[in-house]
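Right, one structure below, let's go through it.
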Amino acid sequence: MNRTKSLVKLLLVGIVFVGPSIDAVSQGLTQSANTSQFMSIITTDPKVNSSDSIEQKPTPPSKSNVLASRVVVEGKYAFNEALKYHPLKSDYMGTPLKNGRYHNPDYPFLLSFKDVRKWKKQTNPFLEFKKTDTFQLPIASDLGWMNNDSIDGVAWLGHATFFIRIGGITLITDPVFGNASRVLKRYSKLPVKPENLPSINYVLLSHDHRDHMDYQSLRTLSKLNPKAQYLCGLSTSKLLKRFNRNGDIQEAGWYQQYQLDDQIIRITYLPTRHWCRRWITDTNKHLWGAFVIEVGGKVIYFGGDSGYGKHYLETKELFPNIDLAMLGIGAYQPEWFMESNHSSPAKAYQSFLDLGAKSMVPMHYGTFDLSDEPIGEPAEKLLQIATENKMTQRVLIPSLGQNILAMMPK
Ligand SMILES: [Zn+2]
Ligand SMILES: [Zn+2]
56 MNRTKSLVKL LLVGIVFVGP SIDAVSQGLT QSANTSQFMS IITTDPKVNS SDSIEQKPTP
116 PSKSNVLASR VVVEGKYAFN EALKYHPLKS DYMGTPLKNG RYHNPDYPFL LSFKDVRKWK
176 KQTNPFLEFK KTDTFQLPIA SDLGWMNNDS IDGVAWLGHA TFFIRIGGIT LITDPVFGNA
236 SRVLKRYSKL PVKPENLPSI NYVLLSHDHR DHMDYQSLRT LSKLNPKAQY LCGLSTSKLL
296 KRFNRNGDIQ EAGWYQQYQL DDQIIRITYL PTRHWCRRWI TDTNKHLWGA FVIEVGGKVI
356 YFGGDSGYGK HYLETKELFP NIDLAMLGIG AYQPEWFMES NHSSPAKAYQ SFLDLGAKSM
416 VPMHYGTFDL SDEPIGEPAE KLLQIATENK MTQRVLIPSL GQNILAMMPK
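In the numbering used here, the protein residues as written are 56 to 465.
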């Protein structure tokens with residue numbers, strides 16, 4: 056009984072206090088890698104959507120078809136049959152599933168309650184400092200560019216939320232405008248109120264964690280932008296339908312490209328080293344990932360949440376000309392526990408190099424307190440690394456609301 060109570064307590068700790076930042080959920084769901092066995096089970100070839108260019112679009116399916124077109128092959132792979140694949144991944148079998156849950160065979164889910172318990176029993180060396188820490192992200196003095204439709208720009212709004220406007224098309228990533236939950240308090244101000252943001256065409260949602268998918272913020276956005284399209288990973292639309300009544304939501308599997316009305320933009324969903332969970336029993340029932348946005352001659356990588364991994368080098372092969380990489384640098388301590396889901400500043404810097412991106416902008420720090428390190432520390436570490444490597448021209452650490460495109464080297 057005591058063991059059951061202790062498990063329930065740890066589960067609550069996992070969900071309520073550290074839910075968005077850790078992998079530890081249930082040992083019952085712990086998975087192991089067995090790629091060769093995994094591959095040998097597959098007998099059906101689900102090749103769909105042969106590669107083509109951005110101009111060669113097939114007839115778009117209706118929105119309801121886009122939502123209802125998830126295909127699962129023998130319980131082992133899933134994809135959205137309405138969507139194309141990246142041209143170099145046209146033979147990809149689909150996003151792997153294991154026991155009905157999404158699964159990254161390169162980085163299987165390994166942490167357990169034992170690890171959560173170990174972490175929670177450890178003394179956080181920053182505990183005393185954090186009690187009196189008053190860090191707040193700085194806000195740019197001039198936000199006027201945001202309301203000038205003729206100015207291309209990218210603005211960090213805190214945590215993983217970016218406003219992007221290029222060629223008149225507007226996007227927002229993982230919008231969270233206030234607290235991320237009742238217990239995840241926001242420590243830095245939002246630089247601009249949602250009602251003062253320009254209208255949004257595309258809302259990109261990397262995964263279901265509460266510091267990335269916030270119902271209140273999405274409800275607000277939905278009211279302000281009734282025509283916005285929502286782009287997310289497989290099986291995520293059911294979370295969004297409750298406030299998005301027009302159902303303009305597209306789900307993609309890894310390496311799939313969304314079917315967009317605008318001809319000058321292409322968005323691809325890519326794997327990351329992470330996981331999903333919103334409630335107790337839905338671990339990895341929704342897909343997680345990163346986005347590459349190609350618009351107006353710019354290529355932008357939005358990394359979502361991810362531990363370091365080989366997917367960055369692979370992304371460089373698929374997208375050799377990334378201009379700007381948005382990479383998480385916070386929620387990384389203690390590293391033994393967090394590194395399977397999040398990157399330290401050093402690992403994020405290496406990811407930036409692996410991606411071959413021209414510039415990097417850090418995110419996922421300074422807004423919510425998700426882990427042991429003080430919320431402002433990751434940016435200090437990254438600046439130190441960039442300085443040591445003479446890369447401060449390319450590693451950009453903007454104020455909130457600052458036009459990041461204007462900071463990039465010409
Ligand atoms: Zn996450
Ligand atoms: Zn996160």
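Cβ coordinates follow ideal geometry from the N, Cα and C atoms, glycine included.
Spatial neighbours of residue i within its chain, please: C-beta separation below 6 Å, excluding the five flanking residues on both sides.
{"i": "Phe-232", "result": "Leu-245, Pro-249 and Ser-272"}
{"i": "Leu-437", "result": "Ile-384, Pro-400 and Pro-417"}
{"i": "Arg-333", "result": "Asp-263"}
{"i": "Ser-361", "result": "Thr-327, Arg-328 and His-329"}
{"i": "Ser-243", "result": "Gln-191, Leu-192, Gly-213, Gly-421 and Thr-422"}
{"i": "Gly-208", "result": "Trp-200, Arg-220, Asn-458 and Leu-460"}
{"i": "Ile-404", "result": "A small fix is needed here, since residue 404 is Tyr in this sequence, not Ile. Excluding residues within five positions, the ones whose Cβ falls inside 6 Å are Ile-440."}
{"i": "Val-127", "result": "Ala-133"}
Could you compute how far the alpha carbon of residue i sits from the alpha carbon of residue j?
{"i": "Phe-168", "j": "Pro-253", "result": "44 Å"}
{"i": "Arg-449", "j": "Ile-459", "result": "11 Å"}
{"i": "Asn-135", "j": "Leu-226", "result": "22 Å"}
{"i": "Met-148", "j": "Tyr-310", "result": "10 Å"}
{"i": "Pro-429", "j": "Phe-181", "result": "7 Å"}
{"i": "Phe-184", "j": "Asp-427", "result": "11 Å"}
{"i": "Thr-216", "j": "Lys-144", "result": "28 Å"}
{"i": "Lys-402", "j": "Asp-317", "result": "35 Å"}
{"i": "Met-393", "j": "Ser-261", "result": "18 Å"}
{"i": "Leu-279", "j": "Leu-295", "result": "16 Å"}
{"i": "Arg-172", "j": "Glu-435", "result": "29 Å"}
{"i": "Met-446", "j": "Pro-464", "result": "11 Å"}
{"i": "His-141", "j": "Tyr-324", "result": "9 Å"}
{"i": "Phe-346", "j": "Asp-204", "result": "24 Å"}
{"i": "Ser-277", "j": "Gly-222", "result": "22 Å"}
{"i": "Pro-151", "j": "Pro-389", "result": "29 Å"}
{"i": "Ile-452", "j": "Phe-218", "result": "16 Å"}
Suppose the cutoff is 7 Å on Cβ atoms and the five residues either side in sequence are ignored; what does the same chain contact list for residue i look like?
{"i": "Tyr-367", "result": "Ser-406, Asp-409 and Leu-410"}
{"i": "Leu-198", "result": "Pro-246, Val-247 and Gly-456"}
{"i": "Ser-108", "result": "Because the pLDDT of Ser-108 is 36, which lies under 50, any placement of that residue in the model is unreliable, and the number read from its coordinates should be weighed accordingly. Result list for Ser-108: empty, nothing under 7 Å."}
{"i": "Thr-291", "result": "Leu-260, Asp-263, Glu-306, His-341 and Leu-342"}
{"i": "Arg-274", "result": "Phe-298"}
{"i": "Ala-386", "result": "Ser-76, Met-393, His-397, His-419, Leu-425 and Ser-426"}
Mapping DSSP to helix, strand and coil, what is residue i?
{"i": "Phe-164", "result": "coil"}
{"i": "Val-347", "result": "strand"}
{"i": "Glu-306", "result": "strand"}
{"i": "Gly-199", "result": "helix"}
{"i": "Lys-371", "result": "helix"}
{"i": "Ala-133", "result": "strand"}
{"i": "Arg-172", "result": "helix"}
{"i": "Leu-212", "result": "strand"}
{"i": "Tyr-356", "result": "strand"}
How would you label residue i, buried or exposed, when you count the other beta carbons within 10 angstroms and need 16 or more for buried?
{"i": "Ile-440", "result": "buried"}
{"i": "Cys-287", "result": "buried"}
{"i": "Gly-83", "result": "Its pLDDT being 25, under 50, Gly-83 is placed unreliably in this model, and the coordinates cannot settle the point."}
{"i": "Ala-210", "result": "buried"}
{"i": "Gly-344", "result": "buried"}
{"i": "Ser-196", "result": "exposed"}
{"i": "Lys-353", "result": "buried"}
{"i": "Trp-174", "result": "buried"}
{"i": "Lys-365", "result": "exposed"}
{"i": "Lys-153", "result": "buried"}
{"i": "Gln-284", "result": "buried"}
{"i": "Lys-240", "result": "exposed"}
{"i": "Asp-303", "result": "buried"}
{"i": "Ile-377", "result": "buried"}
{"i": "Asn-396", "result": "buried"}
{"i": "Glu-349", "result": "buried"}
{"i": "Asp-229", "result": "buried"}
{"i": "Lys-131", "result": "buried"}
{"i": "Asn-489", "result": "It is not possible to answer for residue 489, since the shown part of the chain is limited to 56 through 465."}
{"i": "Asp-351", "result": "This sequence places Gly at residue 351; Asp is not what is there. Exposed is the call here."}
Among residues of its own chain, excluding the 5 on either side of residue i, which ones have a beta-carbon nearer than 8 Å to its beta-carbon?
{"i": "Asn-339", "result": "Leu-84, Arg-156, Tyr-157, His-158, Phe-164, Trp-330, Cys-331 and Arg-332"}
{"i": "Lys-413", "result": "Ile-377, Asp-378, Leu-379, Arg-449, Met-463 and Pro-464"}
{"i": "Leu-289", "result": "Arg-125, Ala-133, Phe-134, Asn-135, Thr-150, Tyr-157, Glu-306, Ala-307, Gly-308, His-341 and Leu-342"}
> Which runs of the alpha helix (DSSP H), 4 residues or longer, sit entirely within the region 224–302?
Replying inline: 270–279 and 292–295
>> I'd like the ranges of any alpha helix (DSSP H) spanning at least 4 consecutive residues and lying wholly in the region 367–427.
In response: 390–393 and 400–410
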